[in-house]
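Engineer: Attaching a single structure in structure tokens format; questions to follow.
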Amino acid sequence: MKLKYLVSAMAVMMLSSGTAVAKSTDLATFHADMDSCQSCHTKPIKVSDSETHENAQCKSCHGDYAELANDKLQFDPHASHLGDINCTSCHKGHEAPKFYCNECHSFDQKDMPFSDAKKKQPWDTGWDQDKIQKAIAAGPRESTGVLVVGAGSAGFNASLTAKKAGADVILVEKAPFSGGNSMISAGGINAVGTKQQKDHGVDDSVEWFIEDAMKGGRQHNDKKLVTILAEKSADGVEWLESLGANLDDLKRSGGARVDRTHRPHGGKSSGPEIIDTLRAATKAQGIDTRLNSRVVKLVVNDDNTVVGAVVHGKHSGYYMIGAKSVVLATGGYGMNKEMIAYYRPTMKDMTSSNNITATGDGVLLAKEIGASMTDIDWVQAHPTVGKDSRILISETVRGVGAVMVNKDGNRFISELTTRDKASDAILKQPDQFAWLIFDNQLYAKAKMVRGYDHLNMLYKGDTIEKLAEKTGMKAADLAKTVSDYNGYVATGKDTAFGRGDMPLNMTQSPYYAVKVAPGIHHTMGGVAVNTTASVLDLQSKPIVGLFAAGEVTGGLHGYNRLGGNAIADTVVFGRIAGENAAKYALDNK
Ligand code: MEZ
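Residues -22 to -1, 1 to 567 (mature numbering (1 follows the signal peptide of the UniProt record, and there is no 0)) make up the sequence shown, in order.
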């Protein structure tokens, strides 16, 4: 019997009878009972913060995720959109397991092995100032050219670029898995002048890209940053493709006048595609990537030049890494309730579509050493987060053709307007929610919709009347909405709300609806940066040795970000930050 089957059989035995292996309340005790500490650990025991050896051991005995996939389960955590992450992210050796899926979903996961294990205090609650000061006083335990903080798309792109430029790189990530918010992004990456646009006959220009982003941001964006984003966006797509990502499909996002959001073919979500690619490239480049490693302080010398950071590692404790330059790629603060309550109190009770990692650490770290902030209180609500959930219903669904109606079944705005306007409009509807409705054509075309179906988020009817019945919409109103909309598709002109792109009519049964409401999605404000991705101080001068990219920064998106510009930001400015951080490190060796 293969070990993987043996173990699941044991887990079932434990759960059903409480016999045989019942005394093992955690994974470590269980393995020690079976064999010895060496079934997981090296001898002598030395656990790296990434728990690399332990995870290799898990996979060598139990198989990799593909082998563990179990299609008999309603929800299979081993075949998730998080990709190939550490087993110990969820199956903690000496602690109670943590079912990370439930940070966003609410799966009824009863049969997780060792779920009765006693909870140990999580390793990274609170920052111990004494230990931070001791680590600084002890001096760097090791040194590198570039230290990148945060392993989402911006951090991976910065690391790969810095390494390519010839610098030594260490990439640290506080979570037990990499990917950040980028990993759960579903929409895609905006770019102008790509081969894909040419192949699809899309006429676009850098000027249009800039105008759309500025209009979306209500002209509050830093135009110099927007111009760089537009000019370098096609390069960004080519770079991801050169690393192995597929971005063949195109769709239109809200606020864009043409199709410029690049996505993987076959309707796959863009985040997992991009992050899996970047993870693999980082590994192939041998970049020292450390999980469970939280940066708790930026270290500066007397003239406020950044000379490294103090890291709190899960197993290695507090230590200082000396670095010629540091790149902050820590993401936004959309999951930090206190920061939301402070900067944007009107949104404090709103759900958030963000990954649990988006806690604003970079803002706090940079502020502490005198960085300036831009637009820090500007927070975007995405109009279509699953009502009463944290699951984003991607803008792609509207881009591919879904129609948005209120609780009675009436349209109230163009589905492709910008997010700020769509969110405001929903909040003015009765009961402050909306339905996205679509038919079987869209279901077949947009693969992600099958994911929502799998999560039981969709209402379904064989006819429009049946759909109205299931959702409580007014049948006559909904029927008129659908009939009017089909008329607009036929004539190519939405005379009601001026929607620009209507790729599908709604004629093919079954019909579907998903209930949505606005949720926190992107924090537009953050650390102030210039065009070289240098972080600026309160006098708007660069803080020497400190760079930043992605959602931790402010200025690029103005008051409201357009869909598809966040991933573009992480790639374009991640690469710029990596390049300049490497240059600085190599020039100051
Ligand atoms: O850029 C985004 O945030 C995006 C495209 C999100 C989405 O609706 O899928």
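Backbone N, C-alpha and C define an ideal beta-carbon position, used for all residues, glycine too.
These numbers were taken from a predicted model, which means no experiment stands behind them.
Could you tell me the distance, in whole angstroms, from the CA atom of N508 to the CA atom of T548?
Structural biologist: Here residue 508 is taken as the residue at index 530 of the sequence shown, counted from 1. Here residue 548 is taken as the residue at index 570 of the sequence shown, counted from 1. For N508 and T548, the distance between alpha carbons rounds to 15 angstroms.
Engineer: Taking the alpha helix (DSSP H) that W217 belongs to, which residues open and close that run?
Structural biologist: What you label residue 217 is simply residue 239 of the sequence shown in a count that begins at 1. Taken as a continuous stretch (DSSP letters only), the alpha helix (DSSP H) holding W217 covers K201 to L221.
Engineer: Run through the DSSP bridge pairs and tell me what N159 is partnered with.
Structural biologist: Here residue 159 corresponds to residue number 181 of the sequence shown, with the count starting at 1. In DSSP, N159 forms no bridge with anything.
Engineer: Where does D181 fall in DSSP's three states?
Structural biologist: The sequence position of residue 181 within the sequence shown is 203, counting from 1. Reduced to three states, the DSSP call for D181 is coil.
Engineer: Please indicate yes or no: does the CB of G500 lie closer than 7 angstroms to some heavy atom of the ligand MEZ?
Structural biologist: The residue given as residue 500 occupies position 522 in the sequence shown. Correcting the residue identity first, residue 500 is His in this sequence and not Gly. Result yes, Cβ under 7 angstroms from the ligand MEZ.
Engineer: Would you call R268 buried or exposed, if buried means 16 or more other Cβ atoms sit within 10 Å of its Cβ?
Structural biologist: Taking the sequence shown and counting its residues from 1, one reaches residue 268 at position 290. Buried is the call here.
Engineer: Using a 10 Å radius around the Cβ and a threshold of 16 neighbouring Cβ atoms, would you call E151 buried or exposed?
Structural biologist: Walking along the sequence shown from the start, residue 151 turns up at place 173. When all chains shown are included, E151 counts as buried.
Engineer: State the Cα-Cα distance for the pair L228 and A153, rounded to the nearest angstrom.
Structural biologist: Here residue 228 is taken as the residue at index 250 of the sequence shown, counted from 1. Here residue 153 is taken as the residue at index 175 of the sequence shown, counted from 1. Answer to the nearest angstrom: the Cα atoms are 32 angstroms apart.
Engineer: In terms of residue numbering, what span does the beta strand (DSSP E) encompassing T7 cover?
Structural biologist: Along the sequence shown, one-based indexing puts residue 7 at 29. It is not in any beta strand (DSSP E) - T7 instead sits in the alpha helix (DSSP H) that spans L5 to M12.
Engineer: Which word fits R389, buried or exposed, when buried means at least 16 other C-beta atoms lie within 10 angstroms of its C-beta?
Structural biologist: Residue numbering aside, residue 389 sits at position 411 when the sequence shown is read from its first letter. Its Cβ being crowded by 16 or more others within 10 Å, R389 is buried.
Engineer: Can you name the start and end residues of the alpha helix (DSSP H) that R250 belongs to?
Structural biologist: The residue labelled residue 250 in the question sits at position 272 within the sequence shown. Note that residue 250 is Pro in the sequence shown here, rather than Arg. S248 to A262 is the extent of the alpha helix (DSSP H) around P250.
Engineer: How should H535 be labelled, buried or exposed, when 16 other C-beta atoms within 10 angstroms of its C-beta is the threshold for buried?
Structural biologist: Along the sequence shown, read from residue 1 onward, the residue named residue 535 stands at position 557. By the 10 Å Cβ count, H535 comes out buried.
Engineer: In this structure, does DSSP put D339 in helix, strand or coil?
Structural biologist: Position 361 of the sequence shown, counting from 1, holds the residue named residue 339. Residue state, collapsed to three classes: helix.
Engineer: Report yes if the C-beta distance between K425 and G244 is below 8 angstroms; otherwise report no.
Structural biologist: Looking up residue 425 in the sequence shown gives position 447. Looking up residue 244 in the sequence shown gives position 266. Their beta carbons are under 8 angstroms apart, which means K425 touches G244 by this criterion.
Engineer: Distance check for I391 and L133, CA to CA, integer angstroms please.
Structural biologist: As a first step, residue 133 must be located in the sequence shown, where it is residue number 155. As a first step, residue 391 must be located in the sequence shown, where it is residue number 413. Before going further, note that residue 133 is Gly rather than Leu in the sequence given. Those two C-alpha atoms are separated by around 37 angstroms.
Engineer: Let me confirm a value: Q410 is counted as buried when at least 16 other C-beta atoms fall within 10 Å, else exposed. Which label applies?
Structural biologist: Stepping through the sequence shown from its first residue, residue 410 is reached at position 432. It counts as exposed.
Engineer: Helix, strand or coil for Q107? Go by DSSP, reduced to three states.
Structural biologist: Indexing the sequence shown from 1 puts residue 107 at position 129. The answer is helix: DSSP assigns Q107 an H, G or I state.
Engineer: Going by the DSSP bridge assignment, what does R241 pair with across the sheet?
Structural biologist: Taking the first residue of the sequence shown as 1, we reach residue 241 at position 263. Paired residues: D227.
Engineer: Excluding five sequence neighbours on each side, which residues of the same chain lie with their C-beta closer than 7 angstroms to the C-beta of L(-8)?
Structural biologist: Here residue -8 refers to the residue found at position 15 of the sequence shown. Its pLDDT being 37, under 50, L(-8) is placed unreliably by the model, and nothing is read from it.
Engineer: In its own chain, which residues sit with a C-beta less than 8 angstroms from the C-beta of G499, not counting the 5 before and 5 after it?
Structural biologist: What you label residue 499 is simply residue 521 of the sequence shown in a count that begins at 1. It should be pointed out that residue 499 corresponds to His in this sequence rather than to Gly. Closer than 8 angstroms at Cβ, skipping near neighbours: G312, S330, S331, N332, Q358, A359, H360, V363, L370 and R397.
Engineer: When you compare each of D11, M12 and T30 to T20 by their alpha carbons, which one comes out closest?
Structural biologist: Here residue 20 corresponds to residue number 42 of the sequence shown, with the count starting at 1. With distances taken between Cα atoms, T20 lies closest to T30.
Engineer: Within 7 angstroms: the Cβ of L370 and any heavy atom of the ligand MEZ?
Structural biologist: If you number the sequence shown from 1, residue 370 lands on position 392. Because some heavy atom of the ligand MEZ lies under 7 angstroms away, the Cβ of L370 counts as near it: yes.
Engineer: Are the region 365 to 379 and the region 314 to 322 touching, with three or more C-beta to C-beta distances below 8 angstroms?
Structural biologist: Too few Cβ pairs lie closer than 8 angstroms, so no.
Engineer: Report yes if the C-beta of E373 is less than 7 angstroms from at least one heavy atom of the ligand MEZ; otherwise report no.
Structural biologist: Counting from one through the sequence shown, the residue named residue 373 turns up at place 395. Checking the Cβ of E373 against the ligand MEZ gives yes.
Engineer: Taking the straight line between their C-alpha atoms, what separation do you get for D177 and F85?
Structural biologist: The residue labelled residue 177 in the question sits at position 199 within the sequence shown. The residue labelled residue 85 in the question sits at position 107 within the sequence shown. The straight-line gap from Cα to Cα measures roughly 42 angstroms.
Engineer: Could you check whether the region 112 to 126 touches the region 283 to 301, counting it as contact only if at least three pairs of C-beta atoms, one from each stretch, sit closer than 8 angstroms?
Structural biologist: With the cut-off at 8 angstroms, the region 112 to 126 and the region 283 to 301 touch.
Engineer: So, is A559 buried or exposed, given that buried needs 16 or more other C-beta atoms within 10 angstroms?
Structural biologist: Translated into the one-based positions of the sequence shown, residue 559 becomes position 581. Buried is the call here.
Engineer: Could you compute how far the alpha carbon of K201 sits from the alpha carbon of N33?
Structural biologist: Residue 201 sits at position 223 when you count from the first residue of the sequence shown. Residue 33 sits at position 55 when you count from the first residue of the sequence shown. If you take the alpha carbons of K201 and N33, they lie about 46 angstroms apart.
Engineer: Between S38 and the ligand MEZ, is the CB less than 7 angstroms from at least one heavy atom?
Structural biologist: The sequence position of residue 38 within the sequence shown is 60, counting from 1. Flag unset: Cβ of S38 not near the ligand MEZ.
Engineer: Regarding G165 and the ligand MEZ, is the C-beta to nearest heavy atom distance less than 7 angstroms?
Structural biologist: Numbered from 1 along the sequence shown, position 187 holds the residue referred to as residue 165. Yes, the ligand MEZ has a heavy atom inside 7 angstroms of this Cβ.
Engineer: For the alpha helix (DSSP H) containing Y43, list its first residue and its last residue.
Structural biologist: Taking the first residue of the sequence shown as position 1, residue 43 is located at position 65. First-last of the alpha helix (DSSP H) with Y43: Y43 to L46.
Engineer: For the alpha helix (DSSP H) that contains H59, what are its first and last residues?
Structural biologist: Along the sequence shown, read from residue 1 onward, the residue named residue 59 stands at position 81. Note, H59: premise wrong, no alpha helix (DSSP H); not H, not E.
Engineer: Is it buried or exposed, G476, if we count other Cβ atoms within 10 angstroms and call 16 or more buried?
Structural biologist: As a working note, residue 476 is residue 498 in the sequence shown. Flag for G476 reads exposed.
Engineer: Short check: CB of V288 to CB of V304, under 8 angstroms?
Structural biologist: Position 310 of the sequence shown, counted from the start, is the residue given in the question as residue 288. Position 326 of the sequence shown, counted from the start, is the residue given in the question as residue 304. Going by C-beta atoms, V288 is not nearer than 8 angstroms to V304.
Engineer: How is T548 classed by DSSP in three states: helix, strand or coil?
Structural biologist: In the sequence shown, residue 548 corresponds to position 570, counting from 1. The answer is helix: DSSP assigns T548 an H, G or I state.
Engineer: Could you tell me which of R196, A457, P496 and M192 sits nearest to L207, measuring between CA atoms?
Structural biologist: Within the sequence shown, residue 207 is the residue found at index 229, counting from 1. Closest by alpha carbon: M192.
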